[in-house]
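Under the UniProt record's numbering, think of the first position of the sequence shown as 1, with each following residue one higher. Beta carbons: idealized from backbone N, C-alpha and C, even for Gly. Structure first, then comments.
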Amino acid sequence: MLYVNDLIMFGNDSATITTFKPYSRDCFKMKDLGSLKYFLGIEVSRSASGLFLCQRKYTLDIITEAGLSGAKPCGFPIEQNHRLSLADGPLLKDPEAYRRLVGRLVYLVVTRPDLAYSVHVLSQFLQEP
């Protein structure tokens with residue numbers, strides 16, 4: 001995987017990866033940082049069962065940015081198949097903050113697919129939140 005200037009090498013043949021590392025280091029002037037622990041807001045941990053991905057820090061950053069640090073958790077934030085109606089009230093003062101929050105939530109769905117429906121509903125109001 002490659003993202004801007006970060007490269008993750010993975011596979012099931014450790015000999016090939018070991019051979020490829022010096023080659024890529026010479027071609028791209030890069031260094032080996034060892035086993036993957038954190039990448040693009042995703043924490044990676046290993047066990048005998050396999051790899052586990054977590055976005056705990058990323059989630060806490062979202063909560064803090066939204067000013068909800070003292071909020072109580074809930075089981076499911078929105079009812080399934082809920083019909084929304086148009087609001088007559090004023091639009092949000094800062095639509096960019098709403099768009100940024102929804103964008104961050106879209107990325108959070110990578111490890112939290114249970115939030116996909118709620119984020120989908122929120123993303124329908126990006127034009128005029």
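For residue 44, the enclosing beta strand (DSSP E) has its first and last residue at 42 to 47. Secondary structure at residue 6: strand, using DSSP grouped into helix, strand and coil. For residue 101, there is no enclosing beta strand (DSSP E); the enclosing alpha helix (DSSP H) covers residues 95 to 108.
Looking only at 103, 91 and 11, the smallest Cα-Cα distance to residue 128 is reached by 91. Taking C-beta separations shorter than 8 Å and ignoring five residues to either side along the sequence, the partners of residue 21 in its chain run 9 and 32, following chain order. In the structure shown, residue 122 falls within a helical segment according to DSSP collapsed to helix, strand and coil.
In this structure, the alpha-carbon of residue 84 lies about 11 Å from that of residue 125.
Judged by beta-carbon spacing, residue 107 lies beyond the 8 Å limit of residue 78, meaning their Cβ atoms are not closer than that value. Between the alpha carbons of residue 64 and residue 19 lies a distance of about 43 Å. In this chain, the beta strand (DSSP E) harbouring residue 53 covers 50 to 54.
Cβ contact annotation for residue 59 (same chain, cutoff 7 Å, sequence separation greater than five): 108, in chain order.
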